[in-house]
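Here is the structure we will look at.
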Amino acid sequence: MINQQIPDLLSLLARGYFPRELPPPFSTESFAWAVTNSNLSMPHSFTSANRIARLSPHDIPNLGLRRRVTALPNPVLHFNLCKALIAEWLTINVHCQSSTLSNSSPIFSLRGRTIGRKLNEDALPPIRARNRSLSKYLLKADISRFYPSLYTHSIPWALHTKPVAKKSKKQKQPLLGDVIDRWVRNGQDAQTIGIPIGPDTSLIISEIVLSAFDADLKKRLPNYHGFRYIDDFEIGFKSYSEAEEGLAVLRSTLHEYELDVNAQKTTIRELPIPLNPAWVSSLREHSFNGSRRKQNTQLHAYFDKALEYSLQYPTDHVLKYALSTLSRVTIKLENWEALETFLFQCIMAESNTFMSALNILKKYSDTGHPIDLISLEELMNYQISHRCYANHGNEVGWALWALMYWGRKVNKEAAIQISRMSDPVVALTALDAYHRGLIPIGLDLTYWEQIINEPDTLYSSSWLLSYESIVKGWLNPKLDPISKDPNFEHLRSNGVEFYQLPRVTKVNMISFALSDLTIPTFSF
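Letter by letter, the sequence shown follows residues 1 to 524 in this note's numbering.
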C-alpha cells in the first residue's frame, strides 16, 4: 500500500535542511517559520528562477581516512526546491513506492528528520534471509559515488522517460522533473553533476531516479530474488554464470543513468554466507547487568572486544556500533570513569565516533556524573589542532562545541589553526566561543572578514558565515550585503538565525545552560 501521508513545507525546511551531523546550535527552525508564514510578505525575487548560488561544503568523517563532503544549500534556492517537491508529493510518492526492489523509499516522519525510509537497516536481515533462500550465488554491489555523480538531467528522465523529457525542452510549460532539475542545478552553481549530501531533499531525489532504474532492471532481470537499500544492491542467482550476467545487466542499466558500480564493493559469493558480520552478533549479545564489580568486568570485556574487532574489520563501523549499544544501557556511577576513558579513546582512534561519544558524555554529565574536564580540554584542543591541518571541519566544530558546553578554553595553538579554516560551521562556533571569552588568545579574524566582504557573498559558498556573523554582530563588513539583498533582508527582518545562541550560566567559568541544548541521539 502506498503511503499517502504528505510532508509539509515547514517540516521539510525545519527538520530536513541542514545535515544531521552538525553541532546542536545549528538550526533552520526560524528560517522555516519565516518563509512559510502566510502573514509575512516575501519579496518576489525569493522565487526567481534566474538566481544561481553555490553550496556551502562541510566535511564529515566516514571511516578511517575516508570522508564525506556534505552541503549546506543556500536558503533561497533550497526553499524553492523544497516547495517544488512538496507541491507534487503525491506524484513523487506514487513513483517511488512503485519500486518492487527498493526498501528505502522515502516516507514522511513525525519525529527526527522529516523524511525517513521505508525500512530501517535493522529490519533487513529477515529480508536478506528470504531472498537468499532460493539462490546459490549472491551478487552484492553498490553505486560508485552515487550522490556526487548523479546526473541532474536524469531526474526528468526518471519521472517522465528520457524521450518525453528531451521533447519537453521545446515546450513552454516545464515538466515536474524539469522543475526539480532546475532548482537543484541553480542551487549548486548550475552544475549538472551531483546532488548535495545531507539535506532530506537528496534522499527524495535519489529515490526518484533509482525507482525508475529499478523498473528498468526488473524488465531485464525478471526472475531475480533481491532488493535495493539506498544505493546498495543484493541479488541472488542459481549459478555463477547467471550472477555474472546479472552484474553485466546491472552495470549497463546504470550506464543509461550516467552511473556505475563501485568495483571495490562489488562481489559474487557462493551461499550460504552470514547475514551479519560476526562482530555485530558478538557485541549485540553482550550483557551489562549485575553488581558494580560484575558490570566493571563486563565493561572492560566489551571494550576489549570492540577494540579487537575494530582492528580485525577496519572497513566496518565497529566502534561507532559499539557506542550505539552503550548509549542504550545504564552504567553505574562507580564504573563511570572506565566508560569515560573508553569514550576518550574512541575519539582518538576513530573520528566518526566523535558525535556518539559526546552524546554519551553529555548524557552522564546531565545526571551528575563527574567529567574529567582537564582531560576533556586537552583532548578537544588536540583534536582541533590535529583536525584543522586536515581540514576536518566536523570534528573541529564538535570539539569547539564541547569546550563551550563544559566551559573550557581553546588554547593558542588550536586558535591559530582555526583562524585558517573557511568552514562556516567551524568559523561560527569559534566566533561564539571567542565572544564568550573562551578563546583568549590566538584567534585571527582577518580571513573571515575578507570572506564576508567578497562580491555576492550571500550566494557564495560562504553564505552561512556571511549572513550569520553579520546578524550576530560578530564580524563587520565594509558594506552590509544583507541590506542590499531583499531576500536575506527579509530573513533578517523576521528574526531568522541559523545558529541559535543558548543562555549561559556561571558553571566551570562559562557553560551552556544544560536545559537549552540537547545532542541528538544518533542511530546506526
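Each residue gets a CB set at the ideal place from its N, CA and C atoms; glycine is no exception.
Small disclaimer: the values here were computed from a predicted structure and weren't measured.
Next on the checklist: Considering only DSSP beta bridges, list what L72 is partnered with.
Outcome noted: Position 72 of the sequence shown, counted from the first residue, corresponds to residue 72. Note: L72 sits in a beta bridge opposite S56.
Checklist entry - Thinking C-alpha only, which one of L283, R269, I331 is nearest K294? => result The residue you call residue 294 lines up with position 294 of the sequence shown. If we check each option's Cα against that of K294, I331 comes out closest.
Checklist entry - How about L198 and T70: are their beta carbons less than 7 Å apart? => result One-based indexing of the sequence shown puts residue 198 at position 198. One-based indexing of the sequence shown puts residue 70 at position 70. According to the sequence displayed, residue 198 carries Gly and not Leu. Yes, the Cβ-Cβ distance between G198 and T70 is below 7 Å.
Checklist entry - Near V496, what residues of its chain come up, given a Cβ to Cβ distance below 6 Å and the 5 sequence neighbours on each side ignored? => result Translated into the one-based positions of the sequence shown, residue 496 becomes position 496. Excluding residues within five positions, the ones whose Cβ falls inside 6 Å are S30, F31, A34.
Checklist entry - Is the region 174-190 touching the region 117-132 in the sense that three or more CB pairs, one from each, lie closer than 8 Å? => result no
Item to check | Exposed unless 16 or more other CB atoms sit within 10 angstroms - verdict on N276 | outcome: By one-based count along the sequence shown, residue 276 stands at place 276. Label assigned to N276: exposed.
Checklist entry - What's the call for S56, buried or exposed, on a 16-neighbour Cβ count within 10 Å? => result To locate residue 56, count along the sequence shown from 1; it is residue 56. Under this definition S56 is a buried residue.
Next on the checklist: Quick check on I193: does DSSP put it in helix, strand or coil?
Outcome noted: Locating residue 193 in the sequence shown gives position 193, where the first residue counts as 1. In this structure, I193 counts as strand in the three-state DSSP scheme.
Checklist entry - How would you write the range of the beta strand (DSSP E) that P106 sits in, first residue to last? => result In the sequence shown, counting from the first residue as 1, residue 106 sits at position 106. Residues 106-108.
Checklist entry - Hey, how far is the Cα of T266 from the Cα of Y309? => result Residue mapping note: residue 266 aligns to position 266 of the sequence shown, counting from 1. Residue mapping note: residue 309 aligns to position 309 of the sequence shown, counting from 1. When rounded, the distance between both Cα atoms is 23 Å.
Checklist entry - From K412, Y321, H490, Y224, pick the residue whose C-alpha is nearest to that of S45; which is it? => result Your numbering for residue 45 matches position 45 in the sequence shown. Nearest C-alpha to S45: H490.
Checklist entry - By Cβ distance below 8 Å, which residues in the same chain neighbour A433 in space, the five residues on each side in sequence not counted? => result For the purposes of this step, residue 433 is taken as residue 433 along the sequence shown, with counting starting at 1. The residues are L400, L403, M404, V410, I439.
Next on the checklist: Is the beta carbon of L479 closer than 7 Å to that of I452?
Outcome noted: The sequence position of residue 452 within the sequence shown is 452, counting from 1. The sequence position of residue 479 within the sequence shown is 479, counting from 1. In this structure, L479 does not lie closer than 7 Å to I452 by Cβ.
Next on the checklist: So if DSSP puts G236 in a beta bridge, which residue, or which two residues, is it bridged to?
Outcome noted: Numbered from 1 along the sequence shown, position 236 holds the residue referred to as residue 236. Partner(s): L138, H225.
Item to check | For K218 and L101, believed in contact at Cβ under 8 Å, the rounded distance | outcome: The sequence position of residue 101 within the sequence shown is 101, counting from 1. The sequence position of residue 218 within the sequence shown is 218, counting from 1. Right, their Cβ atoms sit about 7 Å apart.
Checklist entry - Does the count of Cβ pairs from the region 8-17 and the region 340-348 closer than 8 Å reach three? => result no
Next on the checklist: What residue range does the alpha helix (DSSP H) around T353 cover?
Outcome noted: Within the sequence shown, numbered from 1, the residue matching residue 353 stands at position 353. Segment: none, T353 is in no alpha helix (DSSP H) and carries neither H nor E.
Next on the checklist: Just to confirm my understanding: we take H160, look at its own chain, exclude 5 residues before and 5 after, and list those with CB closer than 6 Å. What are they?
Outcome noted: Taking the sequence shown and counting its residues from 1, the one referred to as residue 160 is at position 160. Here the set comprises L175, G177.
Next on the checklist: Assuming contact is defined by CB atoms lying nearer than 7 Å, are N62 and R54 in contact in what I supplied?
Outcome noted: Sequence index remark: in the sequence shown, residue 62 carries index 62 (1-based). Sequence index remark: in the sequence shown, residue 54 carries index 54 (1-based). Not closer than 7 Å, so no.
Checklist entry - Can you tell me whether DSSP reads F26 as helix, strand or coil? => result Taking the sequence shown and counting its residues from 1, the one referred to as residue 26 is at position 26. Reduced to three states, the DSSP call for F26 is strand.
Item to check | Top-ranked residue by Cα proximity to L81, from S462, Y224, Y313, I205 | outcome: Working through the sequence shown from its first residue, we reach residue 81 at position 81. Considering only alpha carbons, the answer is I205.
Next on the checklist: Please report the straight-line C-alpha distance between R284 and T325, rounded to a whole angstrom.
Outcome noted: Along the sequence shown, one-based indexing puts residue 284 at 284. Along the sequence shown, one-based indexing puts residue 325 at 325. Those two C-alpha atoms are separated by around 7 Å.
Next on the checklist: Rounded to the nearest angstrom, what separates F512 and L361 at their Cα positions?
Outcome noted: In the sequence shown, the residue the question calls residue 512 occupies position 512. In the sequence shown, the residue the question calls residue 361 occupies position 361. Low per-residue confidence applies at F512: pLDDT is 34, beneath 50, and the placement is therefore not dependable, though the value from the model is reported in the following sentence. One C-alpha to the other measures close to 15 Å.
Next on the checklist: With a threshold of 6 Å on Cβ separation, who are the neighbours of P481 within its own chain once the five nearest residues in sequence on each side are excluded?
Outcome noted: Position 481 of the sequence shown holds residue 481. Only T457, L458 meet the Cβ criterion.
Item to check | Local conformation of I6 per DSSP, three classes | outcome: Reading the sequence shown from its first residue, position 6 is the one you call residue 6. The answer is coil: DSSP assigns I6 none of H, G, I, E or B.
Item to check | Limits of the beta strand (DSSP E) - the one that I273 falls within | outcome: Position 273 of the sequence shown, counted from the first residue, corresponds to residue 273. Per DSSP, I273 belongs to no beta strand (DSSP E) and is neither H nor E.
Checklist entry - Nearest to S41 by alpha carbon, out of A357, Q500, R251, N494? => result Indexing the sequence shown from 1 puts residue 41 at position 41. Of the candidates A357, Q500, R251, N494, the one whose C-alpha sits nearest the C-alpha of S41 is N494.
Checklist entry - Just how far apart, CA to CA, sit K118 and G187? => result By one-based count along the sequence shown, residue 118 stands at place 118. By one-based count along the sequence shown, residue 187 stands at place 187. Going from the Cα of K118 to the Cα of G187 covers about 28 Å.
Next on the checklist: Among T36, L72, F18, S27, whose alpha-carbon lies nearest the alpha-carbon of S462?
Outcome noted: Within the sequence shown, residue 462 is the residue found at index 462, counting from 1. Nearest of T36, L72, F18, S27 to S462, Cα basis: L72.
Next on the checklist: Give me the DSSP bridge partner(s) of I268.
Outcome noted: As a position in the sequence shown, residue 268 is number 268, starting the count at 1. Paired residue(s): L139.
Item to check | Residue burial classification, S239 (beta-carbon count within 10 angstroms, cutoff 16) | outcome: Position 239 of the sequence shown, counted from the start, is the residue given in the question as residue 239. The residue in question, S239, is exposed, as its Cβ has fewer than 16 Cβ neighbours within 10 Å.
Checklist entry - Which word fits E121, buried or exposed, when buried means at least 16 other C-beta atoms lie within 10 angstroms of its C-beta? => result Counted from its first residue, the sequence shown places residue 121 at position 121. With fewer than 16 Cβ atoms within 10 Å of its Cβ, E121 is classed as exposed.
Checklist entry - DSSP beta-bridge partners for Y321? => result For the purposes of this step, residue 321 is taken as residue 321 along the sequence shown, with counting starting at 1. According to DSSP, which records beta bridges pairwise, Y321 is partnered with nothing at all.
Item to check | Contact check, Y137 vs F237, beta carbons under 7 Å | outcome: In the sequence shown, residue 137 corresponds to position 137, counting from 1. In the sequence shown, residue 237 corresponds to position 237, counting from 1. The answer is yes: Cβ separation under 7 Å.
Next on the checklist: Taking the beta strand (DSSP E) that I115 belongs to, which residues open and close that run?
Outcome noted: Translated into the one-based positions of the sequence shown, residue 115 becomes position 115. Here the beta strand (DSSP E) through I115 covers 115-117.
Next on the checklist: Quick check: D189 and P156, are their CB atoms within less than 7 Å of each other?
Outcome noted: The count along the sequence shown starts at 1 and reaches residue 189 at position 189. The count along the sequence shown starts at 1 and reaches residue 156 at position 156. No, the Cβ-Cβ distance between D189 and P156 is not below 7 Å.
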